[in-house]
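Worksheet: one structure, shown below.
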Amino acid sequence: MKTFLLCLALLLIPTLLPAQPGYIEVIAPGSRQLKLVVDSPRSPDASPVSASAKEIGDVIAFDMNISGIVAAETREQSPSGRLSLAETDLLPWVNAGYDLLVRSEYSIRGDELTVEFRLFDVPNRKMMTAKRYLGKTKDLRRFAHTFADEIMLVMTGEKGCFTTHIAFVTTRSGNKEIAIMDWDGHNFMQLTRNGSINLNPDFSPNGREIIFTSYKRGNADLFKRSLSSTVELPVSSRSGLNITGAWSPDGSKIALSLSKDGNAEIYTIAKDGSNPVRLTINQAIEVSPVWSPNGSQIAFVSDRLGKPQIFVMNADGGNVRRLTTNGAYNVNPRWSPKGDKIAYARMQGGGFQIYTINVDGSNDTQLTTSGSSENPAWSPDGRFLAFSSRREGSDEIYVMRSDGSGQTRVSQGKGRGTQPSWQPR
């Protein structure tokens, strides 16, 4: 259920870019969307393409289509035929009306994989970038995502975030456990297996650790674990609630909600759980702190005015101000990586919908309309938002562009997906 409602219930139960030189202008006013085609991958001996290698085109096309900056497609019957990358003839692609071409060549020896990619500017008939990756056959999708990041760099001046992961809460095993997947929903991996209730995962700034709340010891305690380890280390196990933890941008502190003194209040603690500092002093329930990108401010949810609203304060607890003034019930704040917006969920019509609002309170904009959608999480480049929605019957993880367009389900539907956290780059 919703974090705020859960917190309230538990308190009653004490035992529980503009164009730059060298980059392509992709969003010029009035211009048509560029067309990108991913050619069928080629093996050095021009043998038939393996089924796994065909994923290369699908991955890159999916990444680029969700970006919204190009219209991407794959091509199995290549105009380039058996030509090697070095022999690529761009004239057939010019005649076919494409603007950008991705070609790739791969070789597999045992479980060793080598993939070379090239991106071409078709109308100007020139190569824009080339990359070669060496690894294991299991790395094929990752290599394709990595080159999609390079395409974003060429086109916008900023690398993409297609090699990142999303952590979330899943009930695939029958319990609420923390899981992780590639940003596009592939390579699902369950992290916790304690058979209890685990909630609110949050990635560390370096993307290598996750904090989360677990009831595995009977209390709502905050734990930490590395992605490379199965050890779950307690961070805060104070009496009452230790919930909605959020790493500071520099990784030195964690903001969270503690109810050790009665009602839930916002605190900061050192990353090892020591040195608790209380930031809010109020009779209200105050939860879900989230840091601004520069670490100078914290947004949070408070019902000090009767219903949950989003407030912003300095990181030391000073200068508290109300942010949301529309809607009677606003929760799940998430600060954008660029620092200019906060995404949140508003209750309306019996469910929730995702909104963004400027940090000065202006431009309050609804992004979702289908089903009940909540728990927004920004991608590290600020281009996308992950969120959970039950528009298809059960909660699943979706991704959309920051303006609300391109809403796409990415979780695989094998267990409810809620409370996403997007891994930093």
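Position 300, counted from 1, in the sequence shown is what the working numbering calls 1320; the numbers after and before it change by one each time, with no gaps.
All C-beta atoms, glycine included, are put in the ideal place defined by N, C-alpha and C.
Just so it is clear, the structure is predicted and the values come from calculations on it, not from any experiment.
8 Å Cβ cutoff met for residue i and residue j
{"i": "Val1332", "j": "Thr1264", "result": "no"}
{"i": "Ser1294", "j": "Gly1359", "result": "no"}
{"i": "Val1351", "j": "Tyr1364", "result": "yes"}
{"i": "Asp1270", "j": "Gly1315", "result": "yes"}
{"i": "Gln1373", "j": "Ser1393", "result": "yes"}
{"i": "Ser1216", "j": "Ser1234", "result": "yes"}
{"i": "Gly1260", "j": "Lys1291", "result": "no"}
{"i": "Val1255", "j": "Lys1244", "result": "yes"}
{"i": "Glu1125", "j": "Glu1136", "result": "yes"}
{"i": "Pro1099", "j": "Ala1116", "result": "yes"}
{"i": "Ser1277", "j": "Ile1289", "result": "no"}
{"i": "Thr1376", "j": "Ser1409", "result": "no"}
{"i": "Pro1296", "j": "Trp1267", "result": "no"}
{"i": "Gly1402", "j": "Leu1343", "result": "no"}
{"i": "Ser1414", "j": "Arg1436", "result": "yes"}
{"i": "Pro1003", "j": "Ala1319", "result": "Any answer about residue 1003 is impossible in this case: the structure gives the chain only from 1021 up to 1445."}
{"i": "Gly1088", "j": "Arg1421", "result": "yes"}
{"i": "Tyr1349", "j": "Arg1324", "result": "no"}
{"i": "Glu966", "j": "Leu1211", "result": "With the chain covering only 1021 through 1445, there is no way to say anything about residue 966."}
{"i": "Phe1404", "j": "Pro1396", "result": "no"}
{"i": "Ala1275", "j": "Pro1309", "result": "yes"}
{"i": "Phe1182", "j": "Asp1083", "result": "yes"}
{"i": "Ile1330", "j": "Val1340", "result": "no"}
{"i": "Asp1241", "j": "Asn1262", "result": "yes"}
Element boundaries [alpha helix (DSSP H), containing residue i]
{"i": "Phe1488", "result": "Residue 1488 lies beyond the range of the chain shown here (1021 to 1445); nothing can be said about it."}
{"i": "Val1114", "result": "Leu1111 to Asn1115"}
Buried or exposed by the 16-neighbour rule on C-beta atoms within 10 Å, applied to residue i
{"i": "Gln1439", "result": "buried"}
{"i": "Arg1052", "result": "exposed"}
{"i": "Ser1441", "result": "buried"}
{"i": "Arg1213", "result": "exposed"}
{"i": "Gln1427", "result": "buried"}
{"i": "Asp1450", "result": "Residue 1450 lies beyond the range of the chain shown here (1021 to 1445); nothing can be said about it."}
{"i": "Ala1073", "result": "buried"}
{"i": "Pro1041", "result": "Confidence in Pro1041 is poor, its pLDDT being 39 and thus under 50, which makes the residue's placement too unreliable to answer from."}
{"i": "Met1209", "result": "exposed"}
{"i": "Ala1168", "result": "buried"}
{"i": "Val1079", "result": "buried"}
{"i": "Gln1303", "result": "exposed"}
{"i": "Asn1346", "result": "exposed"}
{"i": "Ser1431", "result": "buried"}
{"i": "Gly1326", "result": "exposed"}
{"i": "Glu1229", "result": "buried"}
{"i": "Pro1064", "result": "exposed"}
{"i": "Arg1062", "result": "buried"}
{"i": "Thr1300", "result": "buried"}
{"i": "Gly1205", "result": "buried"}
{"i": "Ser1425", "result": "exposed"}
{"i": "Val1058", "result": "buried"}
{"i": "Gln1443", "result": "buried"}
{"i": "Asn1283", "result": "buried"}
{"i": "Glu1096", "result": "exposed"}
Residue span of the beta strand (DSSP E) that contains residue i, given as start and end
{"i": "Pro1440", "result": "Gly1437 to Trp1442"}
{"i": "Asp1380", "result": "It is not in any beta strand (DSSP E) - Asp1380 carries neither H nor E in the DSSP assignment."}
{"i": "Glu1416", "result": "Glu1416 to Arg1421"}
{"i": "Pro1396", "result": "Ser1393 to Trp1398"}
{"i": "Asn1262", "result": "Asn1262 to Trp1267"}
{"i": "Ser1408", "result": "Phe1404 to Ser1409"}
{"i": "Val1057", "result": "Leu1054 to Asp1059"}
{"i": "Leu1276", "result": "Lys1273 to Leu1278"}
{"i": "Glu1285", "result": "Glu1285 to Ala1290"}
Are three or more beta carbon pairs between the region 1182 to 1201 and the region 1092 to 1104 nearer than 8 Å?
no
Are at least three pairs of beta-carbons, each pair with one atom in the region 1171 to 1180 and one in the region 1194 to 1211, less than 8 Å apart? no
### Message
So within the region 1293 to 1367, which uninterrupted beta strand (DSSP E) runs reach at least 3 residues, ignoring any that extend past its ends?
### Response
1306 to 1311, 1317 to 1322, 1329 to 1334 and 1350 to 1355
Subject >> Start-end ranges of the beta strand (DSSP E) lying completely within the region 1173 to 1260, minimum 3 residues >> reply: 1185 to 1190, 1197 to 1202, 1218 to 1223, 1229 to 1234, 1241 to 1246 and 1253 to 1256
Determine, using beta-carbon pairs with one atom in the region 1148 to 1155 and one in the region 1082 to 1101, whether at least three such pairs fall under 8 Å. no
Examine the Cβ distances between the region 1119 to 1127 and the region 1137 to 1150 and report whether three or more of them are shorter than 8 Å.
yes
Task: Sequence ranges, beta strand (DSSP E) only - wholly within the region 1092 to 1149, length at least 3 - done: 1120 to 1129 and 1132 to 1141
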